[in-house]
Every structure is written in C-alpha cells, then in structure tokens.
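Residue numbers (this note's numbering), protein chains in the order written: chain A, 165 to 463; chain B, 165 to 463; chain C, 165 to 463; chain D, 165 to 463.
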C-alpha cells in the first residue's frame with residue numbers, strides 16, 4: 165500500500181487512478197474539473213483542492229496531463245508540486261510530451277534530490293480501463309524498480325527506454341512509425357482493390373509476407389476485413405486522428421531539433437493534418453484510408 | 165514425375181530448376197546463356213536449343229525471366245512457346261512483371277485453351293536455393309491445384325491471390341508496403357538514436373508495440389542490432405535496391421493506371437531511385453537508412 | 165488558303181477550327197459527336213462522315229483529341245488517316261498525349277514519307293477561342309515552318325522544343341512544374357496567413373523576391389488577392405483539377421520510363437488525385453489551397 | 165548622420181556596417197571576434213568592448229546574428245542591450261530568426277517603451293557588399309519610417325510585412341517557396357533531359373509559360389544553361405544548402421506551431437537535410453539538381 169497523489173483525471177487518468185484504488189493504494193487526487201475529482205472520491209480517493217495539496221505527504225506523485233505546458237505548470241509553475249513534496253518522493257509523469265520539457269523536469273527534480281520518471285503510455289482508454297497499458301519509461305533504472313509495482317497496477321508491459329526523456333522519445337518514434345505503417349498499409353490495400361483484389365485475401369498474403377505489420381495483425385484499416393476494428397464500425401472509437409497528429413508533431417519537432425531527415429514521417433503528418441481539418445479529428449486514425457480514397461465507401 | 169520445360173536459368177531460375185530435378189521431375193531447360201544451360205544439363209536436365217524446343221512435349225512450362233517484355237517474347241514473340249506446346253500444357257510464369265502483361269498472356273493462353281498462372285515469388289536467391297520460396301499466384305483455382313505439387317518442390321508457402329494477374333498485383337502491393345515499412349523503420353530508428361536512444365532498446369520496444377513490422381522482426385536496418393542481417397555485414401547480399409525499385413515502379417504504374425493515390429509509395433520510390441543513382445543499386449535495400457543519414461557509419 | 169482536315173471538335177478543337185475558318189482556310193471536319201460537326205458546317209466547314217474522308221485531299225491534317233489511344237486510333241487504327249492522306253500531307257497532332265505514342269506516330273508517318281508534328285497547346289478554352297494559344301512543337305524544323313502560318317491562325321506563341329515527341333515532353337515538364345509552383349505558393353500563403361500575415365502583402369513581397377513565379381504573377385490561389393482569377397470566383401472556370409492530373413500522370417509515366425527521381429512532382433500528383441476523388445475534378449487547380457487548408461473559406 | 169551601434173560583424177554584418185560608415189553615420193561596433201571589430205575600427209568605427217557598451221548612447225541599434233538564441237542573448241541576456249540603451253533608441257534586428265523569439269523581443273522592447281523592428285534581409289553576401297539587400301520588415305509603420313534612411317544605406321528594397329514578427333514570417337514563407345521552386349525546376353529539367361530535350365530550350369519554353377519562376381529567370385540550376393550562376397561554376401558561392409535548411413526549419417517550426425499542412429515544404433527540407441549530410445552543406449542550393457540525379461555531371 166502506497167500513498168499516491170494522482171493529478172490529471174481525464175479520459176486516461178481517471179481509470180488509471182481507479183485501478184490504483186482497486187489495487188489497494190491510498191490516493192489523493194486533483195483535477196481542474198471538480199466532477200472528475202468527485203467521482204474518484206466516491207470510489208475512495210481523497211479529494212485534494214490543489215496539485216500541491218495532493219502531493220504533500222505522497223510517496224509517489226503521478227501526473228497524466230494533455231501536453232508539456234500543463235506538466236511544467238503542475239511541477240514548476242502554479243501547481244508547485246516540486247516544492248510541495250517531501251524528500252524521497254518518486255515523481256512519475258505519464259503524459260505524452262516533448263522530450264525537452266521532460267528532460268528539463270528531470271533536471272529540476274534532480275536538483276531537489278527527487279527521482280523522476282517519464283512514463284508515457286500506449287493502449288488508449290480501453291487499456292487504461294482494463295489495466296493493460298504499456299509504459300515506456302525514461303529515467304534511472306533504480307527509480308523504475310521503485311515504480312514498477314505501481315505501474316503494474318495500471319498496465320501490463322513496462323519498457324525501460326533509457327535515461328531521462330527516453331520514454332518520450334521512444335513513444336514518439338513508435339507512434340511516428342505507426343502512422344507510417346497505417347498509411348502505407350492503406351495505400352497497399354487501396355492499390356490492390358483498385359486492381360481487382362479482394363482486400364481480405366491481400367491482407368492475408370501481406371500478413372504472411374514481408375509486408376507484415378501491426379496494422380495487418382490487429383487493426384486492418386479496410387472496412388469489413390477484420391471484426392472488432394474501428395474500420396468495421398465506421399471508424400468510431402479507437403485512436404483519434406488528432407491524437408496521432410499530436411504525436412507526429414512531437415516527433416517532427418525532435419527531428420527538427422536534431423536535424424534528422426524524416427521524409428515519410430513528415431509526409432504522414434501533412435496528410436493527417438489536412439485530413440483533420442476536413443473535420444476528421446475525432447475519427448479513428450485508420451480512416452486515413454478514406455482520405456486517400458474518398459470513393460472507398462461507395463465500393 | 166512430370167515433364168517440365170524450364171525457361172530462364174538466372175540467379176533465381178537455376179536453383180529453382182535444380183530443386184525440380186531433385187524432386188524427381190524430368191526437365192528440358194533453356195536460357196540464352198549457354199553456360200547456365202550446361203550446368204543444369206550436368207545435373208540431369210535435357211538441354212534445349214530454344215524455348216520452343218524446350219516447351220514441345222512438356223506437361224508444364226515454367227518461365228523465370230527479368231521483366232514483362234522478356235516474358236511476352238518467350239510466349240508470344242520469338243520464343244513461340246504458346247504455339248509450340250501441346251494442348252493441355254500448364255503454363256506457369258514465375259517472373260515478376262506488370263499485371264497488364266500478365267493478363268494479356270493469360271488471355272492469349274486461354275484463346276489456345278491453355279491454363280496459365282502468374283506465380284511471382286518472394287524469398288530471394290536464398291529461398292530459391294533452399295526451396296523455401298513463397299508463391300503468390302493468380303489464375304484459376306483448378307490450375308493452381310494442378311501446379312501445387314510442382315510449386316511445392318520449389319517453395320513452402322503458396323497463396324492464391326485471385327484471378328489472372330492477381331499474383332502480380334499482390335506481389336507489387338506487398339513489396340511497395342515493404343519499401344514503406346523499411347524506410348519508416350529507418351526513420352524511426354534514426355530519430356531515436358539522434359535523440360539519445362540505443363537502437364537495440366528502441367527496436368525491442370517498437371517490436372513489442374504498435375510499430376511492430378517485418379523489418380523489426382527479421383531485417384533490422386540499423387547496423388549491429390540484429391545478427392545475420394545485411395545491416396550487420398555492410399549491407400551486402402540480401403534484396404538489392406534496384407530489385408526493389410523495379411517492384412516499386414510496377415506498383416506505381418498500376419497506381420497510375422487506376423488513378424490510385426500512393427503518397428508514401430511514390431515518395432519511397434523517389435528516394436530509392438536517387439539512392440540507386442548514387443551507385444547503391446546492388447546494396448541491400450535496408451541500407452536506405454544510410455541514405456537518410458549519411459553520417460550513420462561514423463556513429 | 166490551305167485545305168485542312170480538322171479531327172476532334174471538343175471544347176478546344178471547335179474554337180480552334182473556327183479560327184482557321186475565320187483566317188480563310190478551307191476545312192473538312194470530323195468528330196464522333198455529330199452536333200459538333202454540324203455547328204462547324206454552319207460556319208462554313210465541309211462535314212465529313214469519317215476521319216479518313218476528312219483527311220482525303222487535305223494538305224494539312226490537324227487532330228485535337230483527348231488521349232493517346234484516340235490519336236493512335238485516328239491515325240493508325242479505325243480512323244485510317246495515315247493511309248487516307250495524299251503524299252506530302254502535313255500531320256499536326258495538337259492533343260496532349262504521352263511522348264511514346266507521339267514518337268510511334270512520327271515513326272509511322274515517316275515510313276509513309278509524311279511530315280508530322282506533335283504540337284500540344286497551353287492556354288485553355290479561353291486561349292483557343294481568342295486564338296492566343298501557345299504551341300509547343302516537336303518534329304523537324306522544316307515541318308514546323310510549313311505549319312507556322314496555320315498555327316498562327318490559332319495561337320500567339322510557337323516554341324520548337326526539339327525532335328519528334330519533344331513537344332509533348334516539354335509540355336508535361338512545364339505542367340508538372342506548374343502543379344508544383346501552385347501547390348508551393350499555396351503552402352507559403354497558408355503559412356503566412358496562419359502566422360498573422362495579410363495574403364496580399366505577402367504575395368507582393370514574394371513576387372518581388374526569390375519566390376516569384378507565375379502563380380503570384382497572374383493566378384494567385386488565395387481568395388480575394390487578385391481580381392479576375394478563379395480564386396476570386398469560387399474556383400470556377402480556369403484549368404480543371406482533372407486536366408492537371410492527366411498532365412501530371414503523363415509526366416510521371418515518362419519519369420518511370422526513364423528512372424527519373426521526381427519527389428515533388430509525384431507528391432503533387434498524389435495530392436491532386438486524392439483531392440479530385442473528393443469531387444473536385446472540375447474545380448480550378450488553384451483550389452488545391454483549400455485542400456491543404458479546408459478551413460480556408462471560414463477565414 | 166546618426167549614432168548607430170552595430171552588433172554582429174560576420175559575413176553579412178561586416179559589409180553592412182561598412183556601408184553605414186560610407187553613408188556618413190557614426191558607428192560603435194561589437195562582435196565576439198576581435199579581428200572583425202578591428203577591421204571596422206580601421207574603417208572609422210568605434211570599437212566597443214561589449215554589446216552594452218556599443219549600445220550606450222546610440223540612437224539606433226542594429227543586430228545581425230546567426231540565430232534566435234544569440235539575438236535573445238544580446239538584447240535580454242548577457243548582452244544587456246535592452247537595459248543599456250537610452251529611451252528613444254530604435255532597435256533593428258536584421259538576423260533571420262524564428263517569429264516567436266522576434267515577437268518576444270518586440271514585447272520586451274515595448275515594455276521599456278522602445279521601438280523595435282524585425283528586418284531580416286535577402287540578397288546574400290553579394291547584396292550586403294553592394295548595398296543592394298532587400299529588407300522584409302515587421303513592426304510599427306512609424307518605426308519603419310524612422311529606420312528607412314538607415315536601411316537605404318544598406319539595401320535597395322524595403323517591404324513592410326506587417327506587425328511585430330511579420331518580417332520573419334514573410335522571409336521564411338518566401339524562402340520555403342524558393343526551396344520548392346528550385347527543387348521543382350530541377351525535377352522538370354531532369355525529366356526533360358532524360359527524355360531527350362535540350363535543357364536550354366526547355367528552360368526558355370518554361371520561362372515563357374506557366375512554369376515561369378525566379379529560378380528560370382536568374383538562377384537556372386542546370387549546368388551550362390545560364391552564365392554567371394552557381395550552376396555554371398560547380399555550384400560554388402551563392403546561397404548555401406545549410407542556410408536554406410535553416411530557413412526551411414524556421415518555416416516548418418512555424419507550421420507545426422500553427423498546424424499548417426506543408427507537404428512540399430517539408431519534403432524539400434528532408435531532401436536538403438539528407439543532401440547536407442552527404443557533405444553538401446556549403447554547396448549552392450541549386451545543386452539539389454545533382455542530389456536528384458547524381459549522374460548529372462557525367463552528361
């Protein structure tokens with residue numbers, strides 16, 4: 165049983181916090197949305213009136229926030245978490261943010277003698293609810309060992325990507341590649357269908373060949389090919405276009421900062437941005453196949 | 165035991181023909197290169213002095229040639245195979261060619277009452293030698309059943325992609341996707357390394373996540389990450405840049421003919437063409453990672 | 165006064181033929197659409213019942229047809245023009261087609277001892293009506309001199325691009341570059357406006373600087389910046405998206421055939437194809453700025 | 165005659181400062197490189213030992229520095245210029261930097277009641293020496309009128325792009341478009357030559373047609389087509405690849421910050437970055453034509 169402060173109770177944070185309660189931990193929770201706080205309080209958490217109040221007395225602080233500026237604000241800015249916590253507190257930021265901000269927070273924590281981990285997740289809301297998230301962690305190995313039992317209450321797989329910020333870098337690399345795989349798979353399926361192939365047969369062949377990838381395995385973008393996927397329910401639910409755009413932009417910023425050539429990654433971002441502006445921001449990202457072939461649904 | 169004519173004894177055709185001999189079939193072989201014919205004759209094949217002579221009396225004709233015009237020439241042109249064969253002969257073209265030519269050959273064969281299959285392979289020279297090729301077959305199901313025992317002497321997996329030409333279409337779709345996966349994986353690894361990650365660790369994370377694909381599984385492009393790959397022996401051997409360019413160009417031609425939008429597929433082709441012109445045509449295709457980051461080898 | 169056969173009386177061909185009549189030439193005209201023929205007959209042309217009949221007795225044959233197969237059909241196929249014409253007849257194909265077909269037609273004409281020119285035009289329907297077309301001509305210089313007075317009745321500028329097929333090559337190069345200029349100009353304007361600039365001011369600055377190009381000079385894609393452009397009338401009229409797609413595809417086919425790396429040209433084609441499939445095929449091509457920023461019209 | 169502090173005496177700044185001296189102004193100059201300071205002192209400037217010392221007593225401060233952090237450092241950081249200047253001093257930053265930093269400096273100046281202009285230039289070292297630079301200016305119109313006589317001593321054209329930061333935005337938009345024009349022109353020329361055209365003839369045709377752009381007018385990238393260009397002297401001199409990469413990256417950062425879709429702009433940046441990493445960073449940017457076709461020089 166650990167005293168945990170959980171800050172950020174959105175679509176992801178709320179079920180993650182609930183899973184920590186179920187695992188028997190004591191939680192103090194905070195969010196700007198008071199209903200979210202109230203809901204967790206009903207489930208047994210202590211409602212805090214500020215991030216700092218939640219963090220005071222905690223052995224572990226977990227943050228799950230939308231973007232870098234929010235995280236910076238909570239730890240260093242108005243949230244004052246970094247000054248509110250006792251020495252020895254372990255800080256775990258599960259938000260997906262840029263690596264630069266992550267490294268700056270690690271450095272600020274280290275100055276105060278605190279262990280910190282950047283631990284962005286994959287698995288989406290479904291994974292957060294089912295406690296099957298994947299954590300991709302940056303920071304000291306010893307800090308990760310301290311965090312492991314806590315993370316295991318919220319997820320299944322835990323990767324140690326490297327030093328401070330490495331969790332963020334690994335996640336953005338993976339998600340950039342994911343955007344490329346999905347778009348490439350969509351192109352291959354569109355090309356096959358336009359030339360007379362059955363998308364199911366083509367999917368099976370590529371999955372058993374050198375075109376094999378995660379999209380063909382569990383997330384086929386072509387409508388009707390695979391049950392249970394967003395493609396088979398009108399691209400509702402799943403991983404939204406705008407969430408992928410956010411990850412692609414983090415990757416491209418890291419690419420600009422390190423002068424890395426990313427021709428496919430940046431083309432995929434352009435496609436998804438233009439697609440989002442057509443009103444598709446909340447559609448599942450596999451619907452890029454429809455952006456490439458707007459006549460798809462008539463087939 | 166079947167009487168087989170085998171036409172085209174290059175790097176792929178020669179070991180394929182040798183495997184048919186080993187399986188106990190009787191072969192008549194032809195190639196413009198007489199040494200290639202002589203070598204197979206030593207192994208037990210009958211040396212024919214022309215494609216038509218090889219084909220006369222055969223129950224099955226197999227062709228393995230560089231490109232569409234050669235195949236057309238052998239069946240319809242100077243090779244006169246289509247008029248030389250007995251009725252009832254099964255024609256199997258294992259070359260990788262454009263779908264349009266494949267369909268035209270099917271139609272010409274059908275006019276003469278002959279069954280034909282387009283059956284391009286994947287697996288490369290190593291697969292041809294080890295009889296572990298994959299065949300991706302277009303044509304009638306009944307014709308494929310006739311061909312199956314023959315194909316099984318040369319390969320392991322046999323896919324039925326659909327009607328005439330579908331084997332070619334499926335292969336070009338797969339290989340276009342392969343080019344995208346490889347380039348995308350290279351970008352993700354370059355980005356990670358530029359931002360401080362260990363390429364082995366990042367590869368493991370992405371392989372276990374939604375970035376998972378064939379390149380990460382068996383053909384990692386980063387030097388030193390995976391043993392036994394071209395990346396670990398200076399990008400020698402493997403699947404040459406120019407062979408991929410050929411497949412990408414078949415895919416793009418099919419895309420132009422059907423007005424299919426292929427942004428990643430066509431960008432990948434541009435990159436590989438420019439790379440090839442720098443003298444890299446015979447390097448393994450995973451070396452695209454060096455084209456994206458020419459400083460890679462200094463790392 | 166010259167005896168001219170004019171074959172192909174569509175949106176472009178009809179006003180071109182009318183201008184030849186106005187210039188005092190004698191015309192025999194043919195088109196599959198009999199109303200188009202009737203209209204020209206009212207204006208003084210002789211209505212022919214076939215391409216061959218129109219061509220018989222002509223000193224000059226002009227064709228203006230949609231694509232390569234139509235042109236081939238008229239000269240070599242069912243149209244039988246090549247066998248119908250008297251020796252000494254000059255053949256001028258004003259259609260925009262692939263260079264390969266153009267060269268094959270030149271060769272077939274040369275075998276019969278006939279001079280031929282490929283003379284695709286730019287300037288659109290407005291240019292055809294006002295007799296201000298630009299002709300980009302491939303073929304022998306002497307043949308071009310014979311054609312010059314005829315072409316001058318339909319256009320203003322005449323370029324000699326080189327030998328057989330060179331007219332087609334030069335036109336596809338120019339129009340591929342046009343697609344790139346327009347899309348690039350759209351990106352620059354979108355970027356400026358998104359960062360607070362007035363599109364008029366930015367257009368003036370770039371036009372006076374190293375960003376200067378034809379789009380900024382006479383065809384600004386941003387609504388409201390330049391009077392009289394399609395952008396200022398809802399992108400109606402002008403040069404249709406599908407016409408540009410056709411030209412881009414001719415260029416890309418020539419690029420595939422010569423293994424030329426065309427990263428921007430092929431990306432532009434992918435964007436226009438996907439845009440066309442959203443139903444924009446008949447919109448002016450400068451509306452690509454809206455495809456890149458679908459929120460543009462709300463601004 | 166105006167008292168001017170000039171900070172930053174590199175390849176661009178030194179000749180700009182020299183032109184101000186020639187025009188009769190009194191200069192105090194500073195640079196970290198003392199030889200650069202000494203050289204200007206010989207020409208009549210007062211050598212200052214720090215940026216702040218140069219700025220003290222100046223009516224106008226001009227900065228010409230490599231990138232945003234340097235500019236920030238000079239005005240707000242160690243350089244302390246913003247606190248060193250007298251009230252009423254006009255600040256002109258001629259560096260090319262990101263718009264965000266430019267706006268932050270304007271705001272800091274405004275807090276102290278000082279007028280500031282961002283006034284990046286185009287024209288290169290040759291333009292700096294000949295006093296023919298173009299200034300693209302952001303800031304208040306009244307401040308620009310104060311600056312005009314000073315700027316006219318260093319350049320020929322002065323554009324008012326808009327409010328604070330607008331000069332930087334306009335310059336990055338223009339230079340992104342320039343990169344696209346140059347690469348697109350290179351592709352069109354490569355395609356034409358590969359298909360048998362003379363690059364001079366094709367250049368003339370496109371310049372007189374809708375492909376017309378600045379590169380065809382004054383900076384043709386094909387060797388031997390236009391005298392006096394970098395292409396005609398082995399791509400030495402001119403506008404270096406790495407300088408364009410810097411501008412492209414400023415544009416892409418502004419695009420990421422405003423979620424603007426820039427497919428061509430970002431592809432061009434990827435190409436130039438990979439090209440730079442092959443060792444071409446100091447080659448003229450028109451040599452991208454060789455990156456697209458490495459066999460060009462054998463032609």
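A virtual CB, placed ideally from N, CA and C, is assigned to each residue, including glycine.
Taking C-alpha positions only, residue 261(A) is separated from residue 426(D) by approximately 23 Å. For residue 346(D), the enclosing alpha helix (DSSP H) has its first and last residue at 330 to 358.
According to the DSSP assignment, residue 321(A) belongs to no alpha helix (DSSP H) but to the beta strand (DSSP E) extending over 319 to 326. In the three-state reduction of the DSSP assignment, residue 302(A) falls in the strand class, which pools E and B. For residue 299(C), same chain residues with a beta-carbon under 6 Å away, outside a window of 5 residues either side, are 283, 285, 315, 319, 322 in chain order. Interface criterion not met: the Cβ of residue 230(A) is under 8 Å from no Cβ in chain D. A straight-line Cα-Cα distance of about 25 Å links residue 372(B) and residue 267(A).
Residue 211(C) and residue 190(C) have their C-alpha atoms spaced approximately 11 Å apart.
If the five residues before and after residue 406(D) are omitted, its C-beta is found closer than 8 Å to the C-beta atoms of 440, 445, 446, all from its own chain and listed in chain order. Sequence-distant Cβ neighbours of residue 312(A) in its own chain, meaning closer than 7 Å and more than five residues away, are 322.
Legend: CB atoms of the segment 369 to 396 of chain D lying less than 7 Å from CB atoms of chain C belong to residues 369, 370, 372, 373, 374, 375, 376, 377, 378.
DSSP, read as helix, strand or coil, puts residue 377(D) in strand. When DSSP states are grouped into helix, strand and coil, residue 282(A) belongs to the strand group. The beta carbons of residue 215(C) and residue 249(C) sit no closer together than 8 Å. Bridge pairing for residue 192(B): 169(B), 210(B) [DSSP]. Bounds of the alpha helix (DSSP H) holding residue 414(A) are 405 to 421.
Bounds of any beta strand (DSSP E) do not take in residue 437(D); it lies within the alpha helix (DSSP H) bounded by 427 to 439. Residue 415(B) reaches chain A at 355, counting residues in chain order whose Cβ is nearer than 7 Å. Residue 181(D) counts as buried, since no fewer than 16 other beta carbons sit within 10 angstroms of its beta carbon. No residue range can be given for residue 460(C), since it is assigned to no beta strand (DSSP E) and is classified by DSSP as neither H nor E. Taking the C-beta atoms as reference points, residue 353(C) is found nearer than 8 Å to residue 366(C).
Rounded to whole angstroms, the Cβ separation of residue 422(A) and residue 358(B) is 4 Å, and the two are in contact under 8 Å.
Against chain C, the CB of residue 195(D) has no partner CB under 8 Å away; the residue lies outside that interface. Non-local C-beta neighbours of residue 236(D) in its own chain, meaning closer than 8 Å and more than five positions away in sequence, comprise 265, 268, 269, ordered along the chain. In the displayed model, residue 261(C) falls within coil according to three-state DSSP, outside both helix and strand. Contact annotation: residue 456(A) and residue 379(A) have beta-carbon atoms that are not nearer than 8 Å.
Residue 389(B) sits in coil when the DSSP states are folded into three classes, being neither helix nor strand. Interface flag for residue 457(D) against chain B is set, since a Cβ pair is found closer than 8 Å. Between residue 449(B) and residue 346(B), the CB-CB gap stays under 8 Å. Within the same chain, 353, 357, 386, 389 come within 6 Å of residue 363(C) by CB-CB distance, once the 5 residues on both sides are set aside. Of all residues in the segment 428 to 451 of chain C, the ones placed with a Cβ closer than 8 Å to any Cβ belonging to chain A are 431, 438, 441, 442, 443, in chain order. In the DSSP annotation of this structure, the continuous segment of the beta strand (DSSP E) that includes residue 227(C) starts and ends at 224 to 227. The Cβ atoms of residue 247(A) and residue 224(A) lie no closer than 8 Å to each other. Apart from sequence neighbours up to five positions away, the residues of its chain that approach residue 201(C) with a beta-carbon distance below 7 Å are 173, 193, 194, 195, 211, ordered along the chain. The beta carbon of residue 205(A) lies closer than 6 Å to those of 211 in the same chain, with the five residues before and after it left out.
When the five nearest sequence neighbours on each side are left out, the beta carbons in the same chain lying within less than 8 Å of the beta carbon of residue 338(C) are those of 286, 300, in order along the chain.
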